[in-house]
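Per this note's numbering, the sequence shown starts with residue 3, numbered consecutively.
Glycine is no exception: its CB is placed at the ideal position from the N, C-alpha and C atoms.
The structure displayed is predicted, hence computed values, not measured ones.
What follows is one structure encoded as structure tokens, with my remarks underneath.
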Amino acid sequence: MITVQGLTLHFGQRPMFDAVSFFIGSDDRIGLVGRNGAGKSTLLKIMAGKQAFDGGHIGKPRELTIGYLPQEMAHNLELTPWQVAELAFAEARTLNESIERITTDLEKCTNDEEAMELATLLAHAHERLNAIGASDHDMQVERMLKGIGFVGEDMHRLMKELSGGWRMRAELARILLMQPDLLLLDEPTNHLDLPAIQWLEDLLRTYPSALVLISHDKTFLDRLTTRTIEVVGGKLIDRKASWSKFVELRKVEREQQASAAKDQQKYIEQTQELINKYRAKASKAAFAQSLITKLEKLDRIEVEDEDLRKMLVKFPPAPHSGKLVCEVKDVSKAYGAKRIFSHAELTIAKGEHLALVGANGTGKSTLVRMIMGEEPYEGEIRMGHNVIVGYYAQDMPERMTPQRTVIETAEDAASDDNRPRVRAMLGAFMFSGDDVDKKVKVLSGGERARLALCCMLLKPLNFLILDEPTHHLDIQSKDVLKEALKSYDGTFLLVSHDRDFLTGLTNRLLELDEHRIRDQHMDILELIEKRKALQGADIGKSSAAQPKTKAEKADKSDQAERRERDKERKRLQGAVARLEKQLAELEAEEKRLQAEVMRNGAPPAEVEKGYASMGEVAQRIAATMKEWESASVRLEELGEEA
Numbered sequence: 003m004i005t006v007q008g009l010t011l012h013f014g015q016r017p018m019f020d021a022v023s024f025f026i027g028s029d030d031r032i033g034l035v036g037r038n039g040a041g042k043s044t045l046l047k048i049m050a051g052k053q054a055f056d057g058g059h060i061g062k063p064r065e066l067t068i069g070y071l072p073q074e075m076a077h078n079l080e081l082t083p084w085q086v087a088e089l090a091f092a093e094a095r096t097l098n099e100s101i102e103r104i105t106t107d108l109e110k111c112t113n114d115e116e117a118m119e120l121a122t123l124l125a126h127a128h129e130r131l132n133a134i135g136a137s138d139h140d141m142q143v144e145r146m147l148k149g150i151g152f153v154g155e156d157m158h159r160l161m162k163e164l165s166g167g168w169r170m171r172a173e174l175a176r177i178l179l180m181q182p183d184l185l186l187l188d189e190p191t192n193h194l195d196l197p198a199i200q201w202l203e204d205l206l207r208t209y210p211s212a213l214v215l216i217s218h219d220k221t222f223l224d225r226l227t228t229r230t231i232e233v234v235g236g237k238l239i240d241r242k243a244s245w246s247k248f249v250e251l252r253k254v255e256r257e258q259q260a261s262a263a264k265d266q267q268k269y270i271e272q273t274q275e276l277i278n279k280y281r282a283k284a285s286k287a288a289f290a291q292s293l294i295t296k297l298e299k300l301d302r303i304e305v306e307d308e309d310l311r312k313m314l315v316k317f318p319p320a321p322h323s324g325k326l327v328c329e330v331k332d333v334s335k336a337y338g339a340k341r342i343f344s345h346a347e348l349t350i351a352k353g354e355h356l357a358l359v360g361a362n363g364t365g366k367s368t369l370v371r372m373i374m375g376e377e378p379y380e381g382e383i384r385m386g387h388n389v390i391v392g393y394y395a396q397d398m399p400e401r402m403t404p405q406r407t408v409i410e411t412a413e414d415a416a417s418d419d420n421r422p423r424v425r426a427m428l429g430a431f432m433f434s435g436d437d438v439d440k441k442v443k444v445l446s447g448g449e450r451a452r453l454a455l456c457c458m459l460l461k462p463l464n465f466l467i468l469d470e471p472t473h474h475l476d477i478q479s480k481d482v483l484k485e486a487l488k489s490y491d492g493t494f495l496l497v498s499h500d501r502d503f504l505t506g507l508t509n510r511l512l513e514l515d516e517h518r519i520r521d522q523h524m525d526i527l528e529l530i531e532k533r534k535a536l537q538g539a540d541i542g543k544s545s546a547a548q549p550k551t552k553a554e555k556a557d558k559s560d561q562a563e564r565r566e567r568d569k570e571r572k573r574l575q576g577a578v579a580r581l582e583k584q585l586a587e588l589e590a591e592e593k594r595l596q597a598e599v600m601r602n603g604a605p606p607a608e609v610e611k612g613y614a615s616m617g618e619v620a621q622r623i624a625a626t627m628k629e630w631e632s633a634s635v636r637l638e639e640l641g642e643e644a
């Protein structure tokens, strides 16, 4: 499908890619991994044709279709999620136009070679049209949007009314509906809740496309990929293994590499001793020179250590606090008619490690902001005695001043006692040397996240509130943060959709559902299985359903009925147009066959075969005409659009 040869790209003096080559086949399921800033997203952009490069070649078939989901993109805010998803079928409209044009050209064509080429193009266009299933696209759009988390009216709200996460979901739905030959997905789970991640995982597991996936979710990678490509130091390490197997394989390879390097060093030292021993003797000078030549030609084994770099995070001892850390009493919260909490209750005791879980829209980040005093509410939220809160918001990396340097940002955040430790702490978070003088605005998302976490540790805290702290972190950094939290002797409240990160980390889950906070004393994987068993095919909610009056219910019913009629009308209009084109194609085929059998000098066998084909075409015309009449009558019954 795609062949990359000698790809080279430099950012300033730094080689992002140094003559790398690889091939992606039609059945490949690739996890693209590496440190933040290693070049994973850049490589995906290059393959998608969105990024220029300095040298090398990328070869791909002309007819190859690519679906590319970047981490960030511009959205048409005047469209609805439904309309965005429908854009997937723009290809169907183009294909139908191509089929019409090719058919016309084929009718006029007199050159056998050109006719064969046109027939091949026509067959490919029909094959592609059948693959994307454009005839029932309303049903496909609805199924996809529901799976990705949209319900009811949210499918028809303007994109400008939705958060960035929901906009990205609409774009993901569009790309999946395109059914491209190759999917390039850059952190597709970033804006998904657990039910939607589960749904997407189930969908992609059997998705009939090649896949290149960037993800920091180890579970997601392991379940979807069979090949791993790591971007490291301008090179690619490519192994036919899922992420977990890749890690084990690389560990063995590095051990073997280190052992070989040790043996080689021993050989070099022994050879050097011989050279020193014999170089001064005239009778052995030639022998010594041959040894020198051998050493000069020897390929030195270098042990890779770049991928072993990691954060060194250890939370300082938590200052003493009272036994009660936080209490939420009879709290209610609503945004207009949309209710988030209704008389919610929660008590957090000293030393507890808790995680807030639930579908998007259930109020996890809202509850965190309420506890931090950033969001108004009804009821009471109070902190315990001597509680010192450290808050990591979802947008914390964006809250930092872009013009400040790394070290200035850290010094501003540090307490007086910790200010002398700033440089050492930054080093623990992988900011060393000239890195500390970089401005925040030039840092990657992962680097900003590391800096924000570092700033939290530069002051004494005993209650950590972390809202999606792993959002921009690479796999290795997430593992380090998880171990640091497991050994933390204070209290923390964590919001995360990362199954692997949550597994074994907390001793209490708080599930937000139906305007309440439910205590779930189980591991996250147990809760996921429990929810799957209870809900079956239910998916994450993008908004909470509200009780309706009888009039509202009647009006809602009328709206739903009108919407169903509109959907049926659009389906029938599409069917009528499709059938009319099929009739035109069949009639053209009938004329062509008729001309063939009436051609002077045609062999009797060909004439007989031609008449048989004409009979088959005539039957297909009759069946298509019957289907067209049925759809047209039904369309007429539905009347004009309201």
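Kindly identify the DSSP beta-bridge partner or partners of residue i.
i           : result
residue 229 : 32
residue 522 : 511
residue 376 : DSSP output for residue 376 lists no bridge partner at all.
residue 494 : 355 and 466
residue 621 : Answer by DSSP bridge pairing: none, since residue 621 is not bridged.
residue 215 : 33 and 187
residue 10  : 57
residue 22  : 9
residue 16  : 13
residue 408 : Its beta-bridge partners do not exist; DSSP assigns none.
residue 240 : 231
Given this structure, state the Cα-to-Cα distance separating residue i from residue j, to the nearest angstrom.
i           : j           : result
residue 507 : residue 530 : 16 Å
residue 616 : residue 31  : 45 Å
residue 179 : residue 69  : 10 Å
residue 488 : residue 148 : 36 Å
residue 491 : residue 463 : 11 Å
residue 67  : residue 95  : 15 Å
residue 547 : residue 575 : Caution applies to residue 547, whose pLDDT of 38 falls short of 50 and renders its modelled position unreliable; the value that the coordinates give is listed next. So the two alpha carbons sit approximately 33 Å from each other.
residue 49  : residue 213 : 12 Å
residue 344 : residue 46  : 45 Å
residue 513 : residue 347 : 12 Å
residue 414 : residue 329 : 31 Å
residue 569 : residue 637 : 11 Å
residue 81  : residue 161 : 6 Å
residue 553 : residue 518 : Note that residue 553 scores a pLDDT of 47, beneath 50, so its modelled location is shaky and nothing firm can be said.
residue 1   : residue 15  : Because the chain is modelled from 3 through 644, residue 1 falls outside the range shown and cannot be assessed.
residue 23  : residue 449 : 28 Å
Within 10 angstroms of its Cβ, does residue i collect 16 or more other Cβ (buried), or is it exposed?
i           : result
residue 314 : exposed
residue 292 : exposed
residue 480 : buried
residue 439 : exposed
residue 376 : exposed
residue 550 : In this prediction, residue 550 scores a pLDDT of 46, lower than 50, which makes its location untrustworthy; the coordinate-derived value is nonetheless stated afterwards. Residue 550 comes out exposed.
residue 308 : Because the pLDDT of residue 308 is 46, which lies under 50, any placement of that residue in the model is unreliable, and the number read from its coordinates should be weighed accordingly. Answer is exposed; the Cβ neighbour count stays below 16.
residue 465 : buried
residue 319 : exposed
residue 142 : buried
residue 555 : Low local confidence applies: a pLDDT of 46 at residue 555 is under 50, so the model's placement there is unreliable, with the coordinate-based value given in what follows. Result: exposed.
residue 146 : buried
residue 106 : exposed
Please list, in chain order, all residues of the same chain as residue i whose beta carbon is under 6 Å from its beta carbon, the five residues on each side excluded.
i           : result
residue 471 : 394
residue 584 : 626
residue 239 : 232
residue 558 : Because the pLDDT at residue 558 is just 49, under 50, the model does not fix this residue reliably, and the point stays unresolved.
residue 42  : 34, 36, 216 and 233
By Cβ distance below 7 Å, which residues in the same chain neighbour residue i in space, the five residues on each side in sequence not counted?
i           : result
residue 17  : 236
residue 90  : 176, 179 and 180
residue 456 : 412, 427, 428 and 431
residue 538 : The predicted model places residue 538 with a pLDDT of 46, which falls under 50 and marks its position as unreliable; any figure quoted below should be read in that light. Same-chain partners within the cutoff: there are none.
residue 130 : 97
Only counting the same chain, and skipping five residues up and downstream in sequence, which positions put a Cβ closer than 8 Å to that of residue i?
i           : result
residue 543 : For residue 543, the predicted structure reports a pLDDT of 41, less than 50, and the residue's modelled location is therefore unreliable. The matter cannot be settled from this model.
residue 404 : 441, 442 and 443
residue 1   : Limits of the chain in this structure are 3 at one end and 644 at the other, which puts residue 1 out of reach.
residue 628 : none
residue 109 : 590, 593 and 594
Segments of 4+ residues assigned as alpha helix (DSSP H) that fall wholly inside the stretch 65-100: Note on the stretch 65-100: whole alpha helix (DSSP H) runs with a minimum of 4 residues are 83-88, in chain order.
Pick out the complete alpha helix (DSSP H) segments inside the stretch 277-364, 4 residues or longer, and give them in chain order. Taken in chain order, the whole alpha helix (DSSP H) runs of length 4 or more contained in the stretch 277-364 are 287-299.
3-residue-minimum beta strand (DSSP E) runs that sit fully inside the stretch 122-169, ordered along the chain: If we require 3 residues or more, the stretch 122-169 turns out to have no beta strand (DSSP E) run fully inside it.
Please go through the stretch 376-456 and give each complete beta strand (DSSP E) segment of 3 or more residues, from N-terminal end onward. Counting only runs of 3 or more residues that sit fully inside the stretch 376-456, the beta strand (DSSP E) segments are 380-385 and 391-394, in chain order.
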